[in-house]
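J.: Provided herewith is a single structure, encoded as structure tokens, for subsequent inquiry.
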Amino acid sequence: MPYTPHTKDDVQKMCAQIGIKDETELFDSIPNELRAKSFDLEEGLSEFEVFENFKSLASQNDTSKVSFLGGGYYDHIIPTAVDALSTRSEFYTAYTPYQAEASQGTLQALYEYQTMICNLTGMEATNASMYDGGTAIAEAALMAVRIGKKRKKIIVDSGVNPIYIKILKTYLAYHELVVITLEVKNDGSDRETLLGLIDDSIAGYIFQNPNFFGSIEDYSEIIKALHDVKALAIMSSYPIALGILKSAGEVDADIYCGDGQSLGNYLGFGGPSFGILACKEKYIRNLPGRIVGITDDREGKRAYVLTLQAREQHIRRDKATSNICSNQNLMALRATIFLALLGKEGFEKLALQNYNKSEYLKAELSKIDAIKIYNQNPTFNEFVISLPISASEFIDKMEEKGFFAGLRLETLFENFENRVLVSTTEKRTKAQIDSFAACVKEIV
Amino acid sequence: MSSTLFEKSHAGRNGINIPKQGLADAPSLDNSLLRSTKAELPELSEFDVVRHFTKLSNKNFSIDSNFYPLGSCTMKYNPKVQERVGGLDGLVNLHPHHITNNKTSLVQGALKSLKILENNLTEITGMKAFTLTPQAGAHGEMTGIMMIGAYHKKKGNNKRYVIVPDSSHGTNPATAAMVDYDVITVKSNKDGSMDLESFKEAMSEEVAAVMMTVPNTLGLFNPAIKEICDIAHAHDALMYYDGANMNAIMGVIRPGDIGFDVIHLNLHKTFATPHGGGGPGAGPVGVGEKLLEFLPDLTVDSNEDGYFFGKPSEHTIGKISPFFGNYMVLVRALVYMQTLGREGMINASRKAVLNANYILSKLKDHFDAPFKQYCMHECVLSAETLTKEHGVRAMDIAKYLLDFGLHAPTVYFPLIVKESIMIEPTETENIDTIDYFCQKMIDAVELAKTNSEAFKTLPLTLPISRPDETKAARSLNIRWQA
Amino acid sequence: MSKRYSNEHEWAILDGGIASIGLSAYAVEQLGDITFVELPEIGAEANKDDSIAFIESVKAASDIYTPVGGEVVESNEKLEDTPELLNEAAETTWIFKLKVSDSSEFETLMDEAAYKAYLDTL
């Protein structure tokens, strides 16, 4: 039997110790009428057969084309050392670090993660990660409402990843809160309408910068307006952008959210990734999730521990800041290793290269008469193109040419027919970009 | 000794090389959009980083190195074949936005794997359908309770409360509160089961749901469970099953058969996916008829042409995760299920229960054993007498074990037993390890009786000992600053 | 001035129309090392038994319910930087002061002897 080491002798010995004849007696207290009505599963397979099954499944997926797909999930380099270190069983088969003495590896890595995230985002406090960028936004909104005490309204900009907005609305539906969705104006935020909405009934405004279309804007005026009425500015972004763009701290945002997939984590058909939630120092007690702190042990040695646990479910139960019981620890570890391998210079270089390559793609596509670049604002590593043919047709034809060309925006936004979001990362070579542009020209 | 990456940093040291840009720089963005200084990250060589994290890993306990008899966590062996499958290019490099583009032709393998997993889970649990999107047990609980809320809202029911037993896991009441329900806690009787009479008193037309674990968090089976389900249903309260203890009952009990309306499972417990030091896990949620129409909006259907995305129901609660949640964790669970198969799962539960009872029988004369009958996959002891007579507490026993390479059992949960020690060995531990653990537990009792002072300085052989948690909270320092 | 206690383990001393409120030594012992106190805002109004402040320790957290109703006139700001004062001297460290709205509420609280007897039942 796989993974159970018991021999017949072992079982006999154990039953004798317990005082029973057969292990099934231990289930005698379960009456027949409560027993399973069926348990019709296939027979177990050897490791070899299982692996062959999955090889076959994997081959029925297509990862072969050159990818220009973005939309919050990107094809970035993953240094080998990230895999080598995070697949050490001392990391990946370890448990939650509740017993600090047995978990200094995990805890110190998380402390380093927290430090890096604070430095990237310009925030003063963060937790040991959330599930993903979308649930992080939902938790940020709930934080803003807790901090705002009597305020019941949240404004969310439609430039935020639409999948994340759906998650936000699902989470907030159970509290008596009002979520106001601000429609986009062209490729950016509708400032006029927004400024008209900001008053002291607003707990917070959630925006993404660069937004889902890749557009970058200056939110300082908005953030000032929010602060004038004591509402919170919640900024979501894609972390690689922080390599060159103004951090949340620099624009005086109160809370930062992001998704860590692009920091050393595989696409994995959407998961696991991890969520980043960071904030100003004064809000730290409102942060959900685990937080690691530094202290001394009995002999004065430096020690890392989980701290502020009084916020969490295992202590506060129904008054907890959230019911969250885990973090995406392994993925946060991978991000920590990734950022350490890139380092201060490397991270900026990576972000710059993403910017430069997508600007090059934009320039090449601009030369094609039939295409229009939809974005009016400057962009980071992705942008929207308007096509003379349907987005479906475009994507299908580009696939035949060997590309995953981009995202069909009409599935996420109203009135966005014939528009596709295209993204480049440092992995795309000039040759691939040239080839892509040439194929686009041919098709449209 | 435990310096951070930042303290090891040397200005000018280079990390890894990124690909050459190979084209000219574009004109820079306007200064008003750019950060004024580079983000402070350490400057280290690749080798520095590898040394650092390798050394850190050596400071950890882990399943591969240490026995973790943690009650309620099911710390079973994580089969290596999972990691091999987890490295397959066709899975790990698959882009989720093929879903957004509705390009099912590109992801047939992934959709098939999800459908097979869902079918396995429905058969194992007796439920009708599953959402695979929740990323952890707590996340699944939230999803389940949201669906219950949606059910009551659609019916126009005026529901305000969720009933939980006082032995419940902290996530249960925290979850109820996240969905704006108030919690009614019902006490357990002397057998450790939710007291039926108290339950009947607490039940009313305003109760939305009852959250329970079977076996309960003390590792005990409540014989009144069917009656509880019936009483709840008579008041249109739905029964929620917390699947944390599924490892005790595979092939024996199916929550759907007993009458549970919604359940969550912890794939990182029962189905052996790695804990990762605190995540990622996965908490798929199964539903019966009543809640089918409220499932989150991403599902997989199939016909003779292949696999495609199900049409979201009009009453779906919406989305609780991007895409399918932790897909690569779901894959690992399926690997495990296919390896075990029908007989393997039945056997796993039997051996888990056998191991736990063996430990109980060996230790019940050395510790307080609040519950004398056979346990299921975990047993609960108490250090209450040790505390009263020798000042040695459950936490001290936990610290004692660490020096022997044994991770502590769960202590101080569930809250209804004073100085509780909850032990769940799982089925993957052999008799030698278990005997050694029992011997060390007995040695701890001996030490408590002869030299209780000795516990204060334990553990002795680990990187640190007895960190000052008060100082950590009072002098809060959560990031390195030069 | 007599000291009274609530069954949520707060104490109150009434002087003129002002009540000083604190936590009993028993309550603080149960909580353990206090790490944080969230004080009520000056001017906040509360009814008897309302949750008015919040206290956190390493292993627990608790609302503080005001044993009498009134308007907050002072908060002990020393507790913001040194919450450990409560561990050192709970019975003599006030947390906040209220201008009471109804002094008869004070009479409904337990006196020291009654509170001691109450503790014995726990």
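Protein chains in written order, with this note's numbering: chain A, 462 to 905; chain B, -11 to 470; chain C, 2 to 123.
All C-beta atoms, glycine included, are put in the ideal place defined by N, C-alpha and C.
Counting pairs of beta carbons, one from the region 529 to 540 of chain A and one from the region 872 to 891 of chain A, are three or more of them closer than 8 Å?
T.: yes
J.: I need the straight-line Cα distance from L703 of chain A to K91 of chain B, nearest angstrom please.
T.: 31 Å
J.: Does any CB atom of chain E fall closer than 9 Å to the CB of A164 of chain B?
T.: Looking at the structure shown, chain E is missing, and the protein chains on hand are A, B and C.
J.: Quick one: using the 10 Å Cβ neighbour count with 16 as the cut-off for buried, is R242 of chain B buried or exposed?
T.: By the neighbour-count rule (16 or more Cβ atoms within 10 Å), R242 of chain B is buried.
J.: Anything in the region 12 to 43 of chain C with a Cβ closer than 9 Å to a Cβ of chain B? List those residues in chain order, please.
T.: G33, D34, I35, T36 and F37
J.: Assuming A561 of chain A contacts I452 of chain B (C-beta within less than 8 Å), just tell me the rounded distance between them.
T.: 7 Å
J.: Taking 8 Å as the limit between beta carbons, can you name the residues of its chain near H221 of chain B, skipping five residues before and five after?
T.: M227 and G247
J.: Quick one: what's got a C-beta closer than 6 Å to Y388 of chain B's C-beta in the same chain, skipping five residues either side?
T.: A432 and L446
J.: Are the CB atoms of A664 of chain A and A605 of chain A within a distance shorter than 9 Å?
T.: In contact: A605 of chain A and A664 of chain A (Cβ atoms closer than 9 Å).
J.: So D523 of chain A contacts chain B; which residues on that side make the cut at Cβ distance below 7 Å?
T.: L94
J.: What does C367 of chain B touch in chain A if you count any residue whose Cβ is under 8 Å from its own?
T.: Going along chain A, no residue has its Cβ under 8 Å from C367 of chain B, so there is no contact; the nearest lies around 11 Å.
J.: Please decide whether K60 of chain C counts as near chain B, where near means a Cβ-Cβ distance under 9 Å.
T.: yes
J.: Is there a C-beta anywhere in chain B that falls below 9 Å from the one on E78 of chain C?
T.: For E78 of chain C, the answer is no, since every Cβ of chain B falls outside 9 Å of its Cβ.
J.: Under DSSP, the alpha helix (DSSP H) around A196 of chain B begins and ends at which residues?
T.: Note, A196 of chain B: premise wrong, no alpha helix (DSSP H); beta strand (DSSP E) at V195 to T201.
J.: From the beta carbon of E89 of chain C, is the nearest beta carbon of chain B less than 9 Å away?
T.: no
J.: Can you find a C-beta in chain A that's less than 9 Å from the C-beta of M429 of chain B?
T.: Interface annotation, M429 of chain B: not in contact with chain A, CB-CB separation never under 9 Å.
J.: Taking E46 of chain C as the reference, give the member of C:D103, C:A20, C:V73 and C:P68 with the closest Cα.
T.: C:V73
J.: What whole-angstrom Cβ distance do S723 of chain A and H537 of chain A have, given they're in contact under 8 Å?
T.: Distance from S723 of chain A to H537 of chain A at the Cβ level is roughly 5 Å; contact confirmed, criterion being Cβ atoms closer than 8 Å.
J.: If you reduce the DSSP assignment to three classes, tell me which class H127 of chain B lands in.
T.: The three-state secondary structure of H127 of chain B, taken from DSSP, is helix.
J.: Quick test of your reading: N48 of chain B and G594 of chain A, contact by CB under 8 Å. State the CB separation rounded to the nearest angstrom.
T.: Wrong, their Cβ atoms sit about 28 Å apart, outside the cutoff.
J.: Determine whether the Cβ of H140 of chain B lies closer than 9 Å to any Cβ atom of chain A.
T.: no
J.: Determine, for L769 of chain A, whether the minimum Cβ-Cβ distance to residues of chain C falls below 9 Å.
T.: Interface residue, yes.
J.: Against E57 of chain C, what residues of chain A qualify as contacts under a CB-to-CB distance less than 9 Å, listed in chain order?
T.: Per Cβ cutoff of 9 Å: R746, L769, A771 and R772.
J.: Is there a C-beta anywhere in chain C that falls below 9 Å from the one on A236 of chain B?
T.: no
J.: Would you kindly work out how many angstroms separate the C-alpha atoms of V477 of chain B and K178 of chain B, rounded to a whole number?
T.: For residue 477 of chain B there is no data in the structure shown, the boundaries of chain B being -11 and 470.
J.: Taking just the CA atoms, how far does T797 of chain A sit from V543 of chain A?
T.: In a straight line, the C-alpha of V543 of chain A is about 9 Å away from that of T797 of chain A.
J.: Determine, using beta-carbon pairs with one atom in the region 842 to 862 of chain A and one in the region 505 to 522 of chain A, whether at least three such pairs fall under 8 Å.
T.: no
J.: So, is the C-beta of R454 of chain B closer than 9 Å to a C-beta in chain C?
T.: no
J.: Pick from A:G732, A:P623, A:Q893 and A:I641: whose alpha carbon is nearest that of R869 of chain A?
T.: The closest CA to that of R869 of chain A, considering only A:G732, A:P623, A:Q893 and A:I641, is found on A:P623.
J.: Below 8 Å on C-beta distance, what does S349 of chain B contact in chain A?
T.: Q478, I479 and G480
J.: For K691 of chain A and D660 of chain A, what's the separation of their Cα atoms in angstroms?
T.: 9 Å
J.: DSSP on S550 of chain A, reduced to helix/strand/coil?
T.: The answer is helix: DSSP assigns S550 of chain A an H, G or I state.
J.: So E508 of chain A and T414 of chain B are in contact, right, with Cβ under 8 Å, and what is the actual spacing, rounded?
T.: About 20 Å separates the two Cβ atoms, so there is no contact after all.
J.: Applying the 10 Å Cβ sphere with the 16-neighbour rule, what's the burial state of Q469 of chain B?
T.: exposed
J.: S528 of chain A bridges to which residues according to DSSP?
T.: A:F865
J.: What's the gap between the Cα of T93 of chain C and the Cα of A26 of chain C?
T.: 9 Å
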